[in-house]
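Here the structure is laid out as structure tokens; the discussion comes afterwards.
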Amino acid sequence: MGLFGMILTAVLAAVLLAIVIVKYLPLKLRWIASILLMALSVFLIYKIYYGIMQPIIFNKQKVTKFAKVVNQLKIIRDAEVKHLEVLGRYTKNKDSLIRFIDSAQVALTETKTIVEKEDRGGGIIIDVEIRKTDTIGYESVAKYFEGRNYKDMFNVPGQEGKEFDIEIGTVEKVQGLIVPTFLVKTDKEGILKGMDKSLIKQELEAVATDQIKGEFVSVGSLDEVSNGGNWPPSYDKQKGDKKE
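Start counting at 1 in the sequence shown, then tack on 848, and there's your number in the numbering used here.
Here is the structure:
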């Protein structure tokens, strides 16, 4: 029952009780009715307060729970991006991705613009600028994850034994150009388990720009080239992982 329904029910109950008092209750017993009316008033005040505060409390708790999930997804996303950078593909093998962070190295490159002479024939020689990229060293991929608990990045916060789902695929960005894609997600209903069911139902149908849309918290896409998450910018400002 909604807040309006509760108020209407309480008002009707109060009116009926007043009618009973006036028509049927002897004077000497009207103190009992006064106590009942007082109890009804307290109950009504409580229900109104609870009806107002419940969505506010729900939203605060929701943001706290979602922020922890978003922080985990950011670690997975960064790991997948490094995997693509080094090996040229994404992976859905969770153990392999952790081992990759532990052992892989990423090349450090330097791009310079140099000027070379180009003979155009007929005695014409011109200067041509050429961009040249050289590998100047290597560094551990693990360096990019210092202070971040990547060993447990696949565990969904607050859900013991639950892990994020990972899918990989490809899309044709332009004709003839096939690009790898990935998607990592977990359902919002599981994150919010134990909270008010009617408010959870509303959350699963969220479409506002300042909310996490739909039934999942996710990062990446299988339908387009993207490594962005489906959360609004406010979640990037939440206090969470040491390194974003």
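We put the beta carbon where it would ideally sit given N, CA and C, even for glycine.
According to DSSP, is residue i helix, strand or coil?
{"i": "A952", "result": "coil"}
{"i": "Q1023", "result": "coil"}
{"i": "L1040", "result": "coil"}
{"i": "F1064", "result": "strand"}
{"i": "T1057", "result": "coil"}
{"i": "P1028", "result": "strand"}
{"i": "G995", "result": "coil"}
Which residue comes first and which comes last in the alpha helix (DSSP H) that contains residue i?
{"i": "L1047", "result": "K1045 to L1052"}
Taking the alpha-carbon positions, what's the residue i to residue j distance?
{"i": "E966", "j": "I978", "result": "11 Å"}
{"i": "W1079", "j": "S1066", "result": "8 Å"}
{"i": "Y1083", "j": "V976", "result": "48 Å"}
{"i": "E964", "j": "E958", "result": "18 Å"}
{"i": "T1034", "j": "E1011", "result": "8 Å"}
{"i": "E1092", "j": "F906", "result": "Residue placement at E1092 is poorly supported in this model, since its pLDDT is 43, which falls under 50; the coordinates are not used for a value here."}
{"i": "I900", "j": "I893", "result": "11 Å"}
{"i": "R947", "j": "I896", "result": "54 Å"}
{"i": "G1042", "j": "M886", "result": "33 Å"}
{"i": "P1081", "j": "D1058", "result": "8 Å"}
{"i": "F914", "j": "L864", "result": "46 Å"}
{"i": "V1055", "j": "K960", "result": "47 Å"}
How far does the beta strand (DSSP E) with residue i in it extend, from its first residue to its last?
{"i": "G985", "result": "I972 to S988"}
The ligand ZN and residue i: does any heavy atom of the ligand fall closer than 8 Å to the residue's C-beta?
{"i": "G1017", "result": "The model on display carries no ligand, and the ligand ZN is accordingly not part of it."}
Pop quiz: residue i and residue j are said to be a contact at Cβ under 8 Å. What is the actual Cβ separation, rounded to whole angstroms?
{"i": "G1068", "j": "L1031", "result": "5 Å"}
Report task. Mind listing, in chain order, the continuous alpha helix (DSSP H) runs of no fewer than 4 residues lying wholly within the segment 916–960? Result -> The qualifying runs are 942–951.
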